[in-house]
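> Mind having a look at this structure? Questions to follow.
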Amino acid sequence: MNYKKKIFHVENISTEKLSKKFQTPLYCYSYLKLKKNITNFKKYFNKIDPLICFSVKSNSNIKILKEIKKFGLGADVVSQGEMMKALKAGIEAKKIVYSGVGKTYSELKYAINKNILLINVESKSELLAVEKIAKLKNKKVDIGIRLNPNINPKTLKQISTGRYGDKFGLEKDEFLNLVKYSKISKFLKLKCLSVHIGSQILNHKPYEKMLKVINNIINETNHKFKFVDLGGGMGVPYEKKNKKFNFKAFNSLIKSFLKKHNVKIIFEPGRSIIANTGILLSKVIYIKKNKFKNFIILDAAMNDFMRTALYGANHNIIPSIRKKKIIKKKFEFVGPVCESTDKFLTVNKFQLIKEKDIVIICDVGAYGMSLASNYNVRPFPIEILVKNSKVQIIKSRQKLSDII
Ligand SMILES: *Cc1c(COP(=O)(O)O)cnc(C)c1O
């Protein structure tokens, strides 16, 4: 994805063409970028040979899941709905792990019937529910237990999940109790220790601490785990000032961990696989100027892309056609939704911009469409996948008549 002669292109097709043909707001993904991300991820960890379970909550478009499946990835799911989608996309049950603090009894029953790889339990009550279902079915169910390693991942507080104040996982003592309990249970087979300390983590140091904690706890349990599930969370550079995540350093930390523990590593990456594969094309409806700012009112809003309103996340906005003339003034890119948090970006200068121009919100492949809603009774946008010069509609634009 780049400019060719001043016009932005996704692979071989210009965003001007795409926005005319499919209208806006428009989610557009690049197949080549997805392929590259997956190939790179595998390459970083090729000596470890991990099981890579794509985090479905980051992007649950079934056509995307089908592409991901073709590269041999499994899935990390957090609801029955996500599990059903992963299975429908052809992902083998034995490559599906199930996370989440509030899996209901019927969701657990569904997962157990499907014989998925692991149910990663996050509380004593959940463990007992799994055991009860297993007993009724008279079978032994494979589980992991999610540890809360009490580590600050140094990311946005809204997406930190591994400190004792967070609802996720189990603190050390309770973790050890549940290990003891599962070891003697006739209906549970404890196979995995799992963790996931947060998302958009750009520094590998928190992972280093996490591996130390895991090392100590495994030694304390004296249990032979078959898997260690390290979760996801590897960050991507959304802003120029962001450093790239150091996969090499993370890989060598894991390699030395594996010298002490002979386990299979599981990863649950979402963002690092899918974030930079997607852009959101949007048309300028109006430009409203006051003394302080130029408000660029877009046809995309927080219901289409929520990360900015939800976490204060920063996503770059670039023009579909590059122009030389730069205007020095505050520009605020906002959506039409009736909320003051419905804004995407404020900058101190931007190129000359007019009503009906197309702009591009960058890196929206993860937690973009999967967080979209019908707020303000706005229909879901269309999603397309570009492969060289071919375009596939992977989800049609929702019709207003379907939501009225
Ligand atoms: C959200 C989530 C992930 C994926 O996180 P990314 O930051 O997108 O890599 C992985 N595991 C669990 C349990 C999650 O909740």
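Residue numbers (this note's numbering): -11 to 392.
We put the CB at the ideal spot given by N, CA and C, even for glycine.
CB of G69 to nearest heavy atom of ligand 1: below 7 Å?
Because no heavy atom of ligand 1 lies under 7 Å away, the Cβ of G69 does not count as near it: no.
> Relative to ligand 1, is the shortest distance from any of its heavy atoms to the C-beta of G153 smaller than 7 Å?
Flag unset: Cβ of G153 not near ligand 1.
> How big is the Cα-Cα spacing for E320 and Y355?
Straight-line Cα distance between these residues: approximately 22 Å.
> For the structure I just gave you, are there three or more beta carbon pairs, one from the stretch 322 to 341 and one from the stretch 271 to 283, closer than 8 Å?
Yes, the stretch 322 to 341 is in contact with the stretch 271 to 283.
> Under a Cβ-count criterion, where at least 16 other Cβ atoms within 10 Å of its own Cβ denotes burial, should I84 be classed as buried or exposed?
Buried, since its Cβ has 16 or more Cβ neighbours within 10 Å.
> Output yes if chain B places a C-beta closer than 8 Å to the C-beta of I253; else output no.
The structure shown contains no chain B; it is built from a single protein chain.
> Could you check if S46 belongs to the surroundings of ligand 1, using beta carbon to heavy atom distance under 7 Å?
Flag set: Cβ of S46 near ligand 1.
> Any heavy atom of ligand 1 closer than 7 Å to the beta-carbon of D64?
For ligand 1, at least one heavy atom lies less than 7 Å from the Cβ of D64.
> Let me check you understand the geometry: is the CB of A99 closer than 7 Å to at least one non-hydrogen atom of ligand 1?
Checking every heavy atom of ligand 1 against the Cβ of A99, none is found closer than 7 Å.
> Pairing CB atoms from the stretch 253 to 267 with CB atoms from the stretch 1 to 18, are three or more of them under 8 Å?
Result yes; three or more Cβ-Cβ pairs closer than 8 Å.
> So, do the stretch 376 to 385 and the stretch 50 to 64 have three or more beta carbon pairs nearer to each other than 8 Å?
Yes: the two stretches touch, three or more of their Cβ pairs being nearer than 8 Å.
> In the DSSP output, which residue or residues are listed as bridge partners for L39?
Note: L39 sits in a beta bridge opposite I254.
> Name the DSSP bridge partner or partners of M444?
It is not possible to answer for residue 444, since the shown part of the chain is limited to -11 through 392.
> Would you please state the rounded distance, in angstroms, between the beta carbons of D81 and K102? I believe it to be under 8 Å.
The sequence as given places Ala at residue 81; Asp does not occur at that position. Right, the Cβ-Cβ distance comes to about 5 Å (below 8 Å), so this counts as a contact.
> If you measure between the beta carbons of G220 and S43, is that distance less than 8 Å?
Their beta carbons are under 8 Å apart, which means G220 touches S43 by this criterion.
> For S170, which option in I133, S182 and V201 has the closest C-alpha, if you only look at C-alpha atoms?
If we check each option's Cα against that of S170, I133 comes out closest.
> For Y32, which residues from the same chain have a beta carbon less than 6 Å from its beta carbon, with the 5 sequence-adjacent residues on both sides left out?
Counting only Cβ-Cβ distances below 6 Å, and skipping sequence neighbours, we find F235 and N239.
> Applying the 10 Å Cβ sphere with the 16-neighbour rule, what's the burial state of T394?
Summary: the structure shown does not reach residue 394, with the chain confined to residues -11 through 392, and so no result is reported for it.
> In three-state DSSP terms, what is N230?
If DSSP states are grouped into helix, strand and coil, N230 belongs with coil.
> Nearer than 7 Å: is that true of the beta carbon of E256 relative to any heavy atom of ligand 1?
Within the cutoff, so yes.
> Note down, in chain order, each residue of its chain lying with its Cβ closer than 6 Å to the Cβ of Y195, except the 5 sequence neighbours on either side.
So the list reads F238, once near-sequence residues are dropped.
> Would you mind reading off the limits of the beta strand (DSSP E) that contains V201?
Here V201 belongs to no beta strand (DSSP E); instead the alpha helix (DSSP H) covers K193 to T209.
> With a threshold of 8 Å on Cβ separation, who are the neighbours of I147 within its own chain once the five nearest residues in sequence on each side are excluded?
Taken in chain order, the residues that qualify are G186, S187, Q188 and Y299.
> Y152 by DSSP, collapsed to three states: which one?
Coil at Y152, not helix or strand.
> Roughly how many angstroms lie between the CA atoms of G398 and I315, to the nearest whole one?
Residue 398 is absent from the structure shown; the chain starts at -11 and stops at 392.
> By Cβ distance below 6 Å, which residues in the same chain neighbour I262 in space, the five residues on each side in sequence not counted?
Cβ neighbours of I262 beyond the five flanking positions: S46, N47, G353 and A354.
> Does the pairing of the stretch 272 to 279 with the stretch 247 to 259 give three or more beta-carbon distances under 8 Å?
No contact exists between the stretch 272 to 279 and the stretch 247 to 259.
> By the DSSP assignment, the alpha helix (DSSP H) with N101 in it spans what residues?
Note, N101: alpha helix (DSSP H), Y93 to N101.
> Whole angstroms is fine: what's the gap from N230's alpha carbon to L166's?
About 39 Å.
> Please report how far the alpha carbon of I107 lies from the alpha carbon of G323, in whole angstroms.
Computed Cα separation, rounded: 40 Å.
> Using the beta-carbon count (16 or more within 10 Å), is V93 buried or exposed?
What sits at residue 93 in the sequence shown is Tyr, not Val. The residue is exposed, with fewer than 16 neighbouring Cβ atoms inside 10 Å.
> With C-beta atoms as the reference, is L199 less than 8 Å away from L241?
Yes, these two residues count as a Cβ contact at 8 Å.
> Considering just the uninterrupted stretch of the alpha helix (DSSP H) at F245, what are its terminal residues?
Per DSSP, F245 belongs to the alpha helix (DSSP H) from F235 to K248.
> Restricting to runs no shorter than 3 residues, where is the beta strand (DSSP E) found entirely within the stretch 299 to 325?
305 to 307 and 314 to 322, all fully within the stretch 299 to 325.
> Less than 7 Å between the CB of H184 and some heavy atom of ligand 1, yes or no?
Checking the Cβ of H184 against ligand 1 gives yes.
> Just to confirm my understanding: we take K197, look at its own chain, exclude 5 residues before and 5 after, and list those with CB closer than 8 Å. What are they?
So the list reads P137 and I139, once near-sequence residues are dropped.
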